[in-house]
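**Q**
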Amino acid sequence: MIAKKVLLVGNFGVGKTSLIRRFVLNEFSEDYISTIGVRVSKKVVSYQNETIKLMIWDVAGTNGDEKIPKAYFLGAHAAMFVFDLSREETYLTIDKNLKMVRDLSGLKDITIVGNKKDLLSATEIDNVIQKVSVDIDLITSAKEGDYVEDAFMKLTAQALK
Amino acid sequence: MKKTPVDSTKDNRFELLRELLLAEDRDKFEALSKEVILREKLKNNVSPLVDEKILDLREKFPEYFGDTITQTIKVQIRDSQDEVVEALYPIMGKLVKKAIVSEITKLTESVNKTVKEKFSIQEILKRFIRGKKNDADIVLQEVFEPIIEEVFVIEKDSGLLSGSYSRGNIADKDMVSGMLTAIKSFAEDAFSKEGQDLEDIKFETFQLSIQNFKSIYIAIACSGVLNASFKEELSDRIHNLAEIILRDRSFLSEEERLNTLIVKELIEA
Ligand SMILES: Nc1nc2c(ncn2[C@@H]2O[C@H](COP(=O)(O)OP(=O)(O)OP(=O)(O)O)[C@@H](O)[C@H]2O)c(=O)[nH]1
Ligand SMILES: [Mg+2]
Numbered sequence: 376m377i378a379k380k381v382l383l384v385g386n387f388g389v390g391k392t393s394l395i396r397r398f399v400l401n402e403f404s405e406d407y408i409s410t411i412g413v414r415v416s417k418k419v420v421s422y423q424n425e426t427i428k429l430m431i432w433d434v435a436g437t438n439g440d441e442k443i444p445k446a447y448f449l450g451a452h453a454a455m456f457v458f459d460l461s462r463e464e465t466y467l468t469i470d471k472n473l474k475m476v477r478d479l480s481g482l483k484d485i486t487i488v489g490n491k492k493d494l495l496s497a498t499e500i501d502n503v504i505q506k507v508s509v510d511i512d513l514i515t516s517a518k519e520g521d522y523v524e525d526a527f528m529k530l531t532a533q534a535l536k
Numbered sequence: 136m137k138k139t140p141v142d143s144t145k146d147n148r149f150e151l152l153r154e155l156l157l158a159e160d161r162d163k164f165e166a167l168s169k170e171v172i173l174r175e176k177l178k179n180n181v182s183p184l185v186d187e188k189i190l191d192l193r194e195k196f197p198e199y200f201g202d203t204i205t206q207t208i209k210v211q212i213r214d215s216q217d218e219v220v221e222a223l224y225p226i227m228g229k230l231v232k233k234a235i236v237s238e239i240t241k242l243t244e245s246v247n248k249t250v251k252e253k254f255s256i257q258e259i260l261k262r263f264i265r266g267k268k269n270d271a272d273i274v275l276q277e278v279f280e281p282i283i284e285e286v287f288v289i290e291k292d293s294g295l296l297s298g299s300y301s302r303g304n305i306a307d308k309d310m311v312s313g314m315l316t317a318i319k320s321f322a323e324d325a326f327s328k329e330g331q332d333l334e335d336i337k338f339e340t341f342q343l344s345i346q347n348f349k350s351i352y353i354a355i356a357c358s359g360v361l362n363a364s365f366k367e368e369l370s371d372r373i374h375n376l377a378e379i380i381l382r383d384r385s386f387l388s389e390e391e392r393l394n395t396l397i398v399k400e401l402i403e404a
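These protein sequence lines are chains A and B, in that order. When we follow the working numbering, the leftmost residue of the first sequence carries the number 376, and every step to the right adds one. When we follow the working numbering, the leftmost residue of the second sequence carries the number 136, and every step to the right adds one.
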């Protein structure tokens, strides 16, 4: 079976862990995330007649200064950048943040996900889309389970490229 | 050796990490204790009592048996053999394995330092085990024998598992590989000087050794008392294995084939 390492990154509290919780059953305690800054989960998915083992690295969001070992980003086959549609500070510096992820991981394409769509009206969401300087791949709600699967499928497709 | 200044937040995080790692160990320990209790057909309601005993034993092992063991080693055991065996007998097997192994390891280390050549650990063990063939003997044998429990061949950067060997049934090898890689990165990042790799993580029940190679690392978990000759031989075999893999990298993408190779080079060899 093909195995791929994929990353979930993004600011503190945007919902990375919640998205993963929706998508997989976990064996390791979430306490690892606050302790060492990452927790690895696994999910076997099917994509275009192929079975792929996704090893999902949930990297703790930081407010800037705390350091996460750079090694967490190495050898990744795809990355998802998650931001919180309801909190401007999680997408205002998206260019800079994406550059950092690209530099550390060596990846070109990153899947962009706006989460917590349940907190906004359709018009408000449109406004956010206007404000975000890059193309958003998916608008999700980890709370209601909307488009979570799709987001991970998009990530899988990236990993296989 | 130069000492790196200790950062208190890092230190604290390391403490937390240790607790997390041991918590899982404790769970395993509890599971084991249940299993053994069943096997030994103890009455259901003694289980909490036994657990308490185990904890007590774990904490006070040196106090209870340390003297006896040190003594026995010093006087070349002979006479107190039965006492030790008797004392260990009621709590049997894997339950005490952990405590005994760590104590014996400590003791052998210190004894070996002072009495260097006079007693080899093998000699001591031979004396311990020689004689009667009863359950206690088997327990003791099981306690001391160094055994390779798990082998993981892991891609360094991605943490993806390329191949493995397992004596028992480990939770999920892919996740263990990923988390191990993460913990390794974390520890290397936080505590080591540049370019220095993490090599040994000591858990309570077993010892994990890590050997780094260019694009892969090999992690091996062993239980029992790891004497120098066992370690040396193992290290040689690991290097042989790594050499074969790195010369023919197709092994890294063919899990079954690599698994067979691991068994051939490390377990059967
Ligand atoms: N309403 C709503 N709340 C959400 C959603 N996703 C996550 N949350 C909440 O947002 C908070 C943070 O979620 P986490 O999943 O812990 O966020 P994270 O990105 O993993 O955060 P860090 O690990 O600190 O970087 C929690 O209280 C979640 O319940 C969502 O889709 N809708
Ligand atoms: Mg999280």
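C-beta: ideal position from N, C-alpha, C; glycine also.
How far does the alpha helix (DSSP H) with residue 527 of chain A in it reach, from first residue to last?
**A** Segment 523-535, the alpha helix (DSSP H) holding residue 527 of chain A.
**Q** Measuring CB to CB, does residue 476 of chain A end up less than 8 Å from residue 458 of chain A?
**A** No. Outside cutoff.
**Q** For chain B, find out if any of its Cβ atoms is closer than 8 Å to the Cβ of residue 417 of chain A; answer yes or no.
**A** Interface residue, yes.
**Q** Please confirm if residue 385 of chain B has its CB atom under 8 Å from at least one CB of chain A.
**A** Not an interface residue.
**Q** In the DSSP assignment, the beta strand (DSSP E) including residue 346 of chain B goes from what residue to what residue?
**A** It spans 342-347 - the beta strand (DSSP E) in which residue 346 of chain B sits, taken as one unbroken run.
**Q** Taking beta-carbon pairs under 8 Å, can you tell me which members of the segment 447-478 of chain A lie near chain B?
**A** Per Cβ criterion, the list reads 447, 449, 450, 451 and 452.
**Q** Would residue 504 of chain A count as contacting chain B if we go by Cβ distances under 8 Å?
**A** No, its Cβ sits nowhere closer than 8 Å to a Cβ of chain B.
**Q** CB-CB under 6 Å to residue 428 of chain A, same chain, minus the five flanking residues each way: which ones, in chain order?
**A** Hits under 6 Å: 376, 378 and 419.
**Q** Check whether the Cβ atoms of residue 478 of chain A and residue 533 of chain A sit closer than 8 Å, and answer yes or no.
**A** Not in contact: residue 478 of chain A and residue 533 of chain A (Cβ atoms no closer than 8 Å).
**Q** List the residues of chain A that residue 298 of chain B touches, going by C-beta distances under 9 Å, in chain order.
**A** Going along chain A, no residue has its Cβ under 9 Å from residue 298 of chain B, so there is no contact; the nearest lies around 12 Å.
**Q** State the Cα-Cα distance for the pair residue 386 of chain A and residue 435 of chain A, rounded to the nearest angstrom.
**A** Using only the alpha carbons, I get a separation of about 8 Å.
**Q** Between the Cα of residue 390 of chain A and the Cα atoms of A:529, A:535 and A:521, which residue gives the shortest distance?
**A** Closest by alpha carbon: A:521.
**Q** Since I believe residue 298 of chain B is in contact with residue 393 of chain B (beta carbons under 8 Å), could you give me their beta-carbon distance rounded to a whole number of angstroms?
**A** That pair is a contact at about 3 Å.
**Q** Using a threshold of 8 Å, state whether the C-beta atoms of residue 491 of chain A and residue 512 of chain A are closer than that.
**A** No, the Cβ-Cβ distance between residue 491 of chain A and residue 512 of chain A is not below 8 Å.
**Q** Buried or exposed: residue 450 of chain A, going by 16 or more other Cβ atoms within 10 Å of its Cβ?
**A** That one is buried.
**Q** Comparing the CB of residue 387 of chain A with every heavy atom of ligand 1, is any distance shorter than 7 Å?
**A** True, at least one ligand heavy atom lies under 7 Å from that Cβ.
**Q** Suppose you measure from the CA of residue 535 of chain A to the CA of residue 396 of chain A; what does that come to, to the nearest Å?
**A** C-alpha separation (whole angstroms): 23 Å.
**Q** Looking only at its own chain, which residues have a Cβ that is under 7 Å from the Cβ of residue 504 of chain A, when we skip the five neighbours before and after it?
**A** If we look at residue 504 of chain A and ignore the five residues flanking it on each side, its Cβ neighbours are 511.
**Q** Given this structure, state the Cα-to-Cα distance separating residue 382 of chain A from residue 518 of chain A, to the nearest angstrom.
**A** If I take the Cα positions, the gap works out to 20 Å.
**Q** According to DSSP, is residue 466 of chain A part of a helix, a strand, or is it coil?
**A** If DSSP states are grouped into helix, strand and coil, residue 466 of chain A belongs with coil.
**Q** Any heavy atom of ligand 2 closer than 7 Å to the CB of residue 435 of chain A?
**A** The answer is yes for residue 435 of chain A.
**Q** Could you spell out where the beta strand (DSSP E) holding residue 378 of chain B opens and where it closes?
**A** Note, residue 378 of chain B: premise wrong, no beta strand (DSSP E); alpha helix (DSSP H) at 363-382.
**Q** Does the CB of residue 381 of chain B have a neighbour CB from chain A at under 8 Å?
**A** Taking Cβ atoms only, chain A never reaches closer than 8 Å to residue 381 of chain B, which makes this a no.
**Q** I need the DSSP call for residue 471 of chain A, collapsed to helix, strand or coil.
**A** Residue 471 of chain A falls in the helix class under three-state DSSP.
**Q** Alpha carbon to alpha carbon, how far is residue 423 of chain A from residue 487 of chain A?
**A** Computed Cα separation, rounded: 22 Å.
**Q** Can you check DSSP and say which residues form a bridge with residue 490 of chain A?
**A** BP columns for residue 490 of chain A point to A:459.
**Q** By DSSP's criteria, residue 425 of chain A is part of a beta bridge. Which residues make up the other side?
**A** Partner(s): A:422.
**Q** Taking 7 Å as the cut-off, is the CB of residue 411 of chain A close to at least one heavy atom of ligand 2?
**A** No; taking the cut-off as 7 Å, the Cβ of residue 411 of chain A has no heavy atom of ligand 2 nearer than that.
**Q** List, in order along the chain, the chain B residues whose C-beta lies closer than 8 Å to that of residue 483 of chain A?
**A** Ordered by position in chain B, no residue passes the 8 Å Cβ test against residue 483 of chain A, which lies about 17 Å from the chain.
**Q** Taking Cβ positions, are residue 515 of chain A and residue 507 of chain A nearer each other than 8 Å?
**A** Not a contact, by the Cβ cut-off of 8 Å.
**Q** Which chain B residues are close to residue 436 of chain A, counting only those with a beta carbon under 7 Å from its beta carbon?
**A** In chain order: nothing, as chain B lies at least about 16 Å away.
**Q** Applying the 10 Å Cβ sphere with the 16-neighbour rule, what's the burial state of residue 235 of chain B?
**A** Confidence in residue 235 of chain B is poor, its pLDDT being 46 and thus under 50, which makes the residue's placement unreliable; the coordinate value appears in the next sentence. Buried.
**Q** Residues of chain A with a CB under 8 Å from the CB of residue 290 of chain B: which are they?
**A** Going along chain A in sequence order, the residues near residue 290 of chain B (Cβ under 8 Å) are 450.
**Q** For residue 308 of chain B, does the three-state DSSP call read helix, strand or coil?
**A** Helix, per DSSP.
**Q** Less than 7 Å separating the Cβ of residue 391 of chain A from some heavy atom of ligand 2?
**A** Answer for residue 391 of chain A: yes, Cβ within range of ligand 2.
**Q** Keeping to the same chain, check which residues put their C-beta closer than 7 Å to that of residue 313 of chain B; ignore five residues upstream and five downstream.
**A** So the qualifying residues of the chain are 294.
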